[in-house]
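Participant: Take the sequence shown: its position 125, counting from 1, is numbered 125 in this note's numbering, and each next residue is one higher. Dropping the structure in here first, questions after.
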Amino acid sequence: MKKGNIALFIPHAGCPHQCSFCNQKQITGVQREISAQDVCRAVETALAKGRPEGWEYEIAFFGGSFTAVPETYQRELLEAASRYVRDGKVRGIRVSTRPDAVSPGTLEFLKRYGVTAVELGAQSMDDQVLARSGRGHTAGQVRQAAGLIREAGISLGLQMMVGLPGDTAAGALYTARELAALRPDTVRIYPTVVLRGSALETQFLQGEYTPISLESAVELCADLLEFFDGQGIPVIRMGLHASPELEQGYVCGPWHPAFRELCESLRMRRRIFARLPKPGTRGCAVRVTVHPRWVSRAVGQKRANLQAFAAQGFSVTVRGDEKIAPGEVDVEC
């Protein structure tokens, strides 16, 4: 079964810190706290549209630190959501929170209401990067919270960011290795962008912070995708969701509405280049076969991959074939 989220955003709710990169209202487009009625309305709307065959839904509370909000508010939202779990209309409930807002008692409370997954905003496993970003927690607290979640029998999700103040490509790869060692069920990767109204905007305007370029972010995140794939850990999201509010609040940094597509296209380019003939045979016509869903990734956005192959003297055509596994490539010359 494939999973789909019925997403509800609680911007900055429960967060005891204002991270330098954060402006949740710009990220989510939500300007007020949601209520139990909002939960029911969102679920009923999603269910009325029907689920695609082979899909199941989770109700997901994103945006803030769910376990850090007052327990009465948590209970209000969870009671509204849990009735759909009990009735079998949704598979479970997913929440995101901070590593320092997790305890055995907290997790037991969540389980009583049908919470099946907890995502931790780890962001980095370098304490200096966390401190410079105003996170207010340590890498040690990420490890501790992740262990508690797994011990509770709840699915563990981990979120990381690239391009944070003081971070490097090597630092991001270190974070990825440290997160993989915690055996998460899922990972999300977010390149750092500068948002209007954030502390990072002030640092950028004062020349104290330079964002990673889009090209560098794509290169790095393609490497991270390869790493997590090799570890058997699904990366379920890359880059911020596109929204009018995000586009209005965007100042600079590696944001693109199809960021993951760029990363996957680069991975395909690398795989195809590795299978192309030796330099002495350039000029031959090359036929690349991929799964039909991967044709656009093999071609590249605005045919970027085909242009890259042509620049090296190869005339490449791409076709789809259901016999080729997703992500695999067959090259003939």
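Glycine residues also receive a C-beta, built at the ideal position from the N, C-alpha and C atoms.
In the structure shown, what three-state DSSP assignment does residue 3 receive?
Facilitator: strand
Participant: In whole angstroms, what is the alpha-carbon distance linking residue 34 and residue 182?
Facilitator: Each residue's Cα considered, the two are about 32 Å apart.
Participant: To the nearest angstrom, report how far apart residue 269 and residue 313 are at their CA atoms.
Facilitator: 15 Å
Participant: Run the CB neighbour count on residue 145, radius 10 Å, all protein chains shown included, and call it buried at 16 or more, exposed below.
Facilitator: Buried, since its Cβ has 16 or more Cβ neighbours within 10 Å.
Participant: Does the region 146-154 come into contact with the region 197-207, if we say contact requires no fewer than three beta-carbon pairs (one atom in each stretch) closer than 8 Å?
Facilitator: no
Participant: If you compare alpha carbons, which of 244, 223, 273, 276 is closest to residue 264?
Facilitator: 223
Participant: For residue 29 and residue 244, what's the separation of their Cα atoms in angstroms?
Facilitator: A caution first: residue 29 carries a pLDDT of 44, below 50, which makes its placement in the model unreliable, though a value can still be read off. When rounded, the distance between both Cα atoms is 8 Å.
Participant: Take residue 175 as the anchor and find which of 122, 323, 108 has the nearest alpha-carbon.
Facilitator: 122
Participant: Out of curiosity, what's the CA-to-CA distance linking residue 36 and residue 82?
Facilitator: 11 Å
Participant: Out of 129, 179, 185, 201, state which residue places its alpha-carbon closest to the alpha-carbon of residue 367.
Facilitator: Residue coverage of the chain in this structure runs from 1 to 333, which leaves residue 367 outside it and unanswerable.
Participant: So, helix, strand or coil for residue 154, using DSSP?
Facilitator: Note: residue 154 maps to coil in three-state DSSP.
Participant: Our contact map puts residue 203 next to residue 20 with C-beta atoms below 8 Å; I'd like the distance itself, whole angstroms only.
Facilitator: 7 Å
Participant: For residue 132, which of 209, 114, 292 has the nearest alpha-carbon?
Facilitator: 209
Participant: With three or more beta-carbon pairs closer than 8 Å as the criterion, would you say the region 52-70 touches the region 232-249?
Facilitator: no
Participant: In this structure, does DSSP put residue 340 in helix, strand or coil?
Facilitator: This structure does not reach residue 340, given that the chain is present from 1 up to 333, and the question cannot be answered.
Participant: With DSSP as the reference, please indicate the residues paired to residue 316 in a beta bridge.
Facilitator: Per DSSP, 286.
Participant: By how many angstroms is the C-alpha of residue 219 removed from the C-alpha of residue 228?
Facilitator: Roughly 15 Å between the two C-alpha positions.
Participant: Please determine, among 127, 77, 305, the residue with the shortest C-alpha to C-alpha distance to residue 109.
Facilitator: 77
Participant: Would you report the Cα separation of residue 274 and residue 171, rounded to the nearest angstrom?
Facilitator: 27 Å
Participant: For residue 61, which residues does DSSP report across the bridge?
Facilitator: 8, 95
Participant: So the candidates are 207, 277, 160, 165; which of them puts its Cα closest to the Cα of residue 184?
Facilitator: 160
Participant: With DSSP as the reference, identify every bridge partner of residue 195, one or two as the case may be.
Facilitator: 250
Participant: Using a threshold of 8 Å, state whether the C-beta atoms of residue 158 and residue 115 are closer than that.
Facilitator: no
Participant: Are residue 316 and residue 290 closer than 8 Å when you measure CB to CB?
Facilitator: no
Participant: When DSSP labels each residue in this structure, what does residue 242 get in the three-state scheme?
Facilitator: DSSP places residue 242 in coil when its eight states are reduced to three.
Participant: Considering only the beta carbon of each residue, do residue 193 and residue 253 sit closer than 8 Å?
Facilitator: yes
Participant: If you draw a straight line from the C-alpha of residue 255 to the C-alpha of residue 173, how long is it?
Facilitator: 20 Å
Participant: Can you list, in chain order, the residues of its chain whose CB lies under 8 Å from that of residue 310, leaving out five sequence neighbours each side?
Facilitator: 316
Participant: Check whether the Cβ atoms of residue 373 and residue 103 sit closer than 8 Å, and answer yes or no.
Facilitator: Absent from the structure is residue 373, since the part of the chain shown begins at 1 and ends at 333.
Participant: What is the C-beta distance between residue 63 and residue 9, in whole angstroms, given that I count them as a contact (C-beta under 8 Å)?
Facilitator: 4 Å
Participant: Should residue 325 be labelled buried (16 or more other beta-carbon atoms within 10 Å of its own) or exposed?
Facilitator: exposed
Participant: What would DSSP say about residue 175, mapped onto helix, strand or coil?
Facilitator: Three-state DSSP puts residue 175 in a helix.
Participant: Classify residue 239 as buried or exposed, calling it buried when 16 or more other Cβ atoms lie within 10 Å of its own Cβ.
Facilitator: buried
Participant: Keeping to the same chain, check which residues put their C-beta closer than 8 Å to that of residue 286; ignore five residues upstream and five downstream.
Facilitator: 276, 277, 309, 314, 315, 316, 317, 331, 332, 333
Participant: Residues in its own chain within less than 6 Å of residue 280 by CB, not counting five upstream and five downstream?
Facilitator: Caution is warranted here: a pLDDT of 49 is assigned to residue 280, below 50, making its placement in the model unreliable, and no coordinate value can be reported.
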